[in-house]
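Just below is one structure, and these are the notes that go with it.
Chains as they are written, first to last, in the numbering used here: chain A, 8 to 130; chain B, -8 to 261.
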């Protein structure tokens, strides 16, 4: 249960924080599952089982990305950083400098934006 | 180098951060459409148009000719709002100042935010954009006095329901409408509270570009879509001895997928 990993008294937490916690925990679990399936598939000696494990791993990646998208829509900082880093090209550490105007900006179509994106649900 | 050309600007990293933060703050406050409708993107500068899946100008064939049709696409519109800042002022950021005079950034961000929302709500014919209000088949509901707002919202919700448009519903309110809804009260009971009978608490969105009054729309998804190529960004244009010219830009288009999903509530003088 995700509620077992709260670090603060639950009555002090808003509904938004509790939902975000659920998403954070789910994302972590999905990524752990990706890791497990990858290792099992690589070590597996039966070709058919190996194919099933790889299929399952890919499903977990889909789940992780759906959860990440929820976080992007509901936490502006996730949105801001996803807009900066996801889909960029060139050295990844260079993207941060590009985002603040210093250093090399990402090449190609990777113009750095303000990371506003969707604001749906924000008042 | 990319289209924003930020590396060419005589602006320190610290000043860029304050400029970006201020633009982001103002835009997040002012943009109303993005708080209510579906969003696709950002897809980058390379996206030039959105496929509608339809044909236009279908020319019939005759025995000696070849028929042709043109694919209907929505071209992306590029907006650009320019601003000018004093280099001396910007350099204060590198000396530790965290309160730069960024009024031109605020003004430019407000302009481009209003332009995006104006296209979403009222349309932008040059860009092939039909707005939410002009697309709606529902007759506008007139609001003649501030105390009429709750009843008008209730009627608008009924119109949406009768058209088969289910909720949740949200109210985008222009400056006058928002002020009346949040400051007026009837018998000591705030109008905003009365609205809760029609829309969920917190579903009232300030929409400064909506001068007509307010729009009640469904936020269930699938009715309206904003497609963004390059999302709102600050770029560099040029600089002189004492100042630097920047711009806030974006590329986008907007599509109405279900025109019945919104009703205009027009504030008129009684």
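Each residue gets a CB set at the ideal place from its N, CA and C atoms; glycine is no exception. Small disclaimer: the values here were computed from a predicted structure and weren't measured.
Could you tell me the distance, in whole angstroms, from the CA atom of residue 67(A) to the CA atom of residue 127(B)? 41 Å
For residue 14(B), go through chain A and note every residue whose CB falls closer than 8 Å to its CB, in chain order. 121
Quick check on the DSSP output: the beta strand (DSSP E) that includes residue 34(B) runs from which residue to which? First-last for residue 34(B): undefined, no H or E at that position.
Compute the distance between the beta-carbons of residue 110(B) and residue 17(B), then report whether it is under 8 Å. no
Would you please state the rounded distance, in angstroms, between the beta carbons of residue 157(B) and residue 209(B)? I believe it to be under 8 Å. 7 Å
Measuring CB to CB, does residue 21(B) end up less than 8 Å from residue 118(B)? no
Straight-line CA distance for residue -7(B) to residue 25(B)? 26 Å
Relative to the C-alpha of residue 33(B), which candidate in 40(A), 119(A), 39(A), 59(A) has its C-alpha closest? 119(A)
Buried or exposed: residue 272(B), going by 16 or more other Cβ atoms within 10 Å of its Cβ? Residue coverage of chain B in this structure runs from -8 to 261, which leaves residue 272(B) outside it and unanswerable.
For the stretch 17 to 45 of chain B, enumerate the residues whose C-beta is nearer than 8 Å to any C-beta of chain A, in chain order. 18, 19, 22, 25, 26, 27, 28, 29, 30, 32, 33, 35, 36, 37
I'd like to know if residue 57(B) contacts chain A, where contact means its C-beta is closer than 8 Å to some C-beta of that chain. no
I need the DSSP call for residue 74(B), collapsed to helix, strand or coil. strand
How big is the Cα-Cα spacing for residue 73(B) and residue 95(A)? 26 Å
Inter-residue Cα distance where the pair is residue 109(A) and residue 95(B): Note that residue 109(A) scores a pLDDT of 45, beneath 50, so its modelled location is shaky and nothing firm can be said.
Could you list which residues in chain A have their beta carbon closer than 7 Å to that of residue 224(B), in chain order? 118, 119, 120, 121
Three-state class that DSSP yields for residue 61(A) in the structure shown: helix
Length-filtered (4 minimum) alpha helix (DSSP H) runs lying within the stretch 141 to 214 of chain B: 166 to 174, 182 to 186
Measuring CA to CA, which of 127(A), 31(A), 129(A) is closest to residue 71(A)? 31(A)
Strictly under 8 Å for the Cβ-Cβ distance: is residue 124(A) near chain B by that measure? yes
Using 8 Å as the threshold, is the stretch 155 to 170 of chain B in touch with the stretch 55 to 63 of chain B, meaning 3 or more CB pairs across them? no
Partner residues on chain A for residue 196(B), Cβ-Cβ distance less than 8 Å: 130
Taking contact to mean at least 3 C-beta pairs separated by less than 8 Å, is the stretch 220 to 233 of chain B in contact with the stretch 1 to 15 of chain B? yes
With 8 Å set as the bound, which would you pick, yes or no: does the beta-carbon of residue 25(A) sit closer than that to a beta-carbon of chain B? no
Quick check: the Cα distance between residue 24(A) and residue 77(A), rounded to an integer number of angstroms? 13 Å
Spell out whether any CB of chain B is found under 8 Å from the CB atom of residue 108(A). Note that residue 108(A) scores 47 on pLDDT, short of 50, meaning its location in the model is unreliable and no value can be drawn from it.
Going along chain A in order, which residues have a C-beta closer than 8 Å to the C-beta of residue 94(B)? Those do not exist, as residue 94(B) stays about 18 Å from chain A at its closest Cβ, beyond 8 Å.
So, are the CB atoms of residue -5(B) and residue 243(B) less than 8 Å apart? no
If we call anything under 8 Å between Cβ atoms a contact, is residue 220(B) one with residue 38(B)? yes
Do residue 262(B) and residue 186(B) have their CB atoms nearer than 8 Å? Limits of chain B in this structure are -8 at one end and 261 at the other, which puts residue 262(B) out of reach.
Contacts around residue 90(A), its chain only, beta-carbon distance under 7 Å, and the 5 residues preceding and following it disregarded: 120, 122, 124
Could you check the C-alpha separation between residue 31(B) and residue 216(B) for me, to the nearest Å? 7 Å
Exposed unless 16 or more other CB atoms sit within 10 angstroms - verdict on residue 76(B): buried
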